[in-house]
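Engineer:
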Ligand code: GTP
Ligand code: SPV
Ligand code: MN
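Numbering (full-length UniProt numbering), first residue to last: 1 to 606.
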């Protein structure tokens with residue numbers, strides 16, 4: 001860690017120094033700190049955060065080197081209504097993004113940033129998304145006035161001196177990420193534990209590869225390497241360069257015979273990516289390893305196959321619902337320590353707790369708002385979007401291929417969402433074009449990962465609705481285009497899954513979690529040509545007996561209900577898809593309009 005004036009910056013990268021100088025002149029921090037990413041830096045920052053009342057150090061025997069942080073209760077999730085794609089032309093942001101003219105937005109935000117770091121330290125975090133050894137390393141620098149952001153970024157991305165040295169060596173260009181919590185301190189003013197502002201902007205300038213974030217300290221709003229860079233800016237880069245930046249987990253699955261397959265899965269926020277990425281198969285002989293749990297960057301390899309890299313270094317996982325019975329791998333990962341917990345409850349013996357961690361809650365807790373909590377309390381102890389930040393490398397089941405700079409070849413892509421009705425447990429698309437249609441019309445009930453109503457069904461193309469950095473119609477066309485770059489036989493096969501279908505009494509029809517391995521097994525057997533399927537109007541569903549339910553307490557009717565393609569339900573779905581496509585407008589690829597016509601015909605004939 002080097003504390004400097006920007007003019008004595010510890011780097012020869014002149015482009016970086018110039019930019020940092022400009023930001024410091026605008027935001028007027030007390031000091032500028034260049035982050036080296038070292039253990040000493042982590043120790044110093046976490047201690048400072050404890051002293052400031054932002055962090056609580058957890059019991060060393062229970063969670064070594066780990067901290068609890070409670071945010072301001074108003075700053076707990078991504079703010080989609082305050083997120084902007086400020087492309088030069090409005091039509092390039094499309095109908096699904098908020099747009100403001102970039103010059104106008106910069107003018108507005110420049111006034112917000114003026115003096116916004118007064119009384120605070122400005123940290124400069126050089127980082128790389130993906131591997132430093134990648135053919136083209138993907139650099140970024142985040143400038144932030146939040147030490148919480150620095151500590152989380154250190155877990156979530158490869159940061160610090162090695163990155164800076166490489167940037168100098170290559171005189172590399174980098175994504176500029178400017179972040180301020182927007183809470184300057186006047187002379188002598190006492191700070192609060194979680195500074196933030198009621199005015200929030202999460203702004204992206206795709207042409208100039210810049211991110212300006214203001215007013216929030218939380219996750220996807222503030223850790224700029226993650227959703228802002230690795231999805232919104234990277235999706236625009238990927239469109240320009242012929243690859244894919246996607247909201248996907250990456251899983252390595254090995255069959256009892258020792259054959260390995262790589263599966264990518266796009267599910268919207270809080271719809272099961274981390275859980276599937278860390279699955280412990282309940283089927284004998286199958287093993288799973290995690291490559292990634294949230295983001296996949298996919299490019300064609302020299303062999304014509306699509307290779308996926310996880311650009312991240314850590315997990316920012318949903319806490320509630322994570323327990324030994326649902327996601328034991330996540331529990332073992334966080335037990336190793338070196339983690340940050342945000343907006344969960346504190347136990348009386350210095351550990352953390354949240355709904356679903358154990359079956360029986362502790363008799364007393366301090367809840368995420370700092371109040372006494374008992375099992376009789378009327379509110380949950382933890383915020384529904386509370387999170388753990390933990391190093392990916394601590395995951396016991398991390399795949400060695402996580403370290404491949406060029407990634408792993410993807411055999412199958414799963415699209416999934418939360419749907420109480422209509423969407424069967426699993427079905428296979430007929431070909432790439434049909435698969436892109438399935439992805440482009442993906443729908444899910446909204447969750448607590450973003451502010452706003454929860455449980456409302458919306459279209460979420462490829463689980464990327466809040467993350468596409470350009471026009472959604474162009475994005476769909478790009479997916480179709482990618483399919484033309486390769487031999488059809490080398491493209492991943494595309495499936496849709498739905499772990500969340502409900503019975504009439506509201507209970508889940510499918511047990512989910514480790515038992516999702518039964519669905520993965522069917523997917524793999526489809527790839528290998530050994531599992532049967534029946535053709536339905538929507539796609540290929542497992543034929544009777546094809547899904548291995550050995551040892552499951554699941555009666556025939558329940559399984560049939562989970563797998564059912566109900567004509568009436570799909571008739572009700574069609575107008576929703578039509579409405580969605582109408583919203584995309586004249587940029588909707590005709591191939592997808594044709595797919596819709598085919599679906600309609602098939603449903604009407606069923
Ligand atoms: P983000 O990190 O927000 O992108 O979410 P995610 O897609 O990684 O979702 P995650 O795996 O954290 O799961 C979200 C919630 O869904 C958690 O509360 C899980 O316990 C629950 N969940 C995950 N998989 C299943 C499943 O197979 N069945 C059921 N019923 N719930 C699940
Ligand atoms: C999501 O919302 O998809 C997350 C959390 O993974 S955040 O980083 O806040 O976007
Ligand atoms: Mn996740």
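We put the beta carbon where it would ideally sit given N, CA and C, even for glycine.
Keep in mind that this is a model prediction, so the values were computed, not measured.
(1) Is residue 322 buried or exposed, if buried means 16 or more other CB atoms sit within 10 Å of its CB?
(2) For the alpha helix (DSSP H) holding residue 148, just list the boundary residues, first then last.
(3) Excluding the 5 residues flanking residue 152 on each side, which residues of the same chain have their C-beta closer than 7 Å to its C-beta?
(4) Who are the Cβ neighbours of residue 338 in its own chain at under 8 Å, not counting the five residues just before and after it?
(5) Any contact between the stretch 415-434 and the stretch 488-495? By contact I mean 3 or more CB pairs, one from each, below 8 Å.
(6) Quickly, what does DSSP pair residue 213 with across the bridge? List them, please.
(7) Are the stretch 299-306 and the stretch 527-538 in contact at 8 Å, needing three or more beta carbon pairs?
(8) Out of 452, 444, 169, 454, state which residue places its alpha-carbon closest to the alpha-carbon of residue 462.
(9) Name the two residues that bound the continuous beta strand (DSSP E) containing residue 650.
(10) At what residues does the beta strand (DSSP E) containing residue 252 begin and finish?
(11) If contacts are defined as beta-carbon pairs under 8 Å, then residue 469 and residue 197 qualify, I think. What distance do you get, rounded to the angstrom?
(12) Rounded C-beta distance between residue 519 and residue 426? I'm assuming under 8 Å.
(13) Quick check on the DSSP output: the alpha helix (DSSP H) that includes residue 570 runs from which residue to which?
(14) According to DSSP, is residue 372 part of a helix, a strand, or is it coil?
(15) Could you check if residue 294 belongs to the surroundings of the ligand ZN, using beta carbon to heavy atom distance under 6 Å?
(16) Can you check which of these residues, 22, 573, 217, is closest to residue 423 by C-alpha distance?
(17) List the whole-angstrom C-beta distance separating residue 320 from residue 355, where the pair is believed to meet the contact cut-off of C-beta under 8 Å.
(18) I need the DSSP call for residue 16, collapsed to helix, strand or coil.
(19) Would you mind stating whether residue 113 and residue 180 have Cβ atoms separated by less than 7 Å?
(20) By how many angstroms is the C-alpha of residue 211 removed from the C-alpha of residue 310?
(21) Could you please give the first and the last residue of the uninterrupted beta strand (DSSP E) stretch that includes residue 129?
(22) Can you tell me whether residue 89 is buried or exposed, with buried defined as 16 or more other CB within 10 angstroms of its CB?
(23) For residue 483, does the count of other Cβ atoms within 10 angstroms reach 16, so buried, or fall short, so exposed?
(24) Apply the 10 Å Cβ neighbour rule to residue 562 and answer buried if 16 or more other Cβ atoms are within range, or exposed otherwise.
(25) Could you work out which residue in 595, 589, 558, 315 is closest to residue 502 when comparing CA atoms only?
(26) Is the beta carbon of residue 247 sitting closer than 7 Å to the one on residue 467?
(27) Starting from residue 142, trace the beta strand (DSSP E) in both directions and tell me its first and last residue.
(28) Check each candidate in 399, 582, 359, 317 and name the one with the smallest Cα separation from residue 384.
(29) DSSP three-state call for residue 522: helix, strand or coil?
(30) Have a look at the DSSP bridge pairing and note the partners of residue 307.
(31) If you run the structure through DSSP and keep just helix, strand and coil, what is residue 290?
(32) Taking the C-alpha atoms as reference points, what is the distance between residue 449 and residue 269?
(33) Taking 6 Å as the cut-off, is the C-beta of residue 316 nearer than that to any heavy atom in the ligand SPV?
(34) Could you tell me which whole beta strand (DSSP E) segments of length 3 or greater appear in the stretch 533-571?
(35) So residue 482 is in the beta strand (DSSP E); what residue range does that whole segment cover?
(36) Can residue 117 and residue 29 be called in contact, C-beta distance under 7 Å?
Structural biologist: Straight from the coordinates:
(1) buried
(2) 147-156
(3) 223, 340, 389
(4) Closer than 8 Å at the Cβ level, and outside the excluded window around residue 338, lie 64, 65, 66, 155, 390, 391, 394.
(5) yes
(6) DSSP lists 179, 202 as partners of residue 213.
(7) no
(8) Shortest Cα-Cα distance from residue 462 to any of 452, 444, 169, 454 involves 444.
(9) Outside the shown range of the chain, which is 1 to 606, sits residue 650, and nothing can be said about it.
(10) 248-254
(11) Not confirmed; about 24 Å, so no contact.
(12) 5 Å
(13) 567-584
(14) strand
(15) For the structure depicted, the ligand ZN is absent and the ligand set comprises only the ligand GTP, the ligand SPV and the ligand MN.
(16) 573
(17) 5 Å
(18) helix
(19) yes
(20) 21 Å
(21) Element bounds for residue 129: 121-129.
(22) exposed
(23) Buried: at least 16 other Cβ atoms inside 10 Å.
(24) Taking a 10 Å sphere around the C-beta of residue 562, we find 16 or more other C-beta atoms and assign the residue as buried.
(25) 558
(26) Cβ atoms of residue 247 and residue 467: closer than 7 Å.
(27) 138-144
(28) 317
(29) helix
(30) 299, 409
(31) strand
(32) 6 Å
(33) yes
(34) 533-535, 540-542
(35) Note, residue 482: premise wrong, no beta strand (DSSP E); alpha helix (DSSP H) at 472-484.
(36) If you check the CB distance, residue 117 and residue 29 come in under 7 Å.
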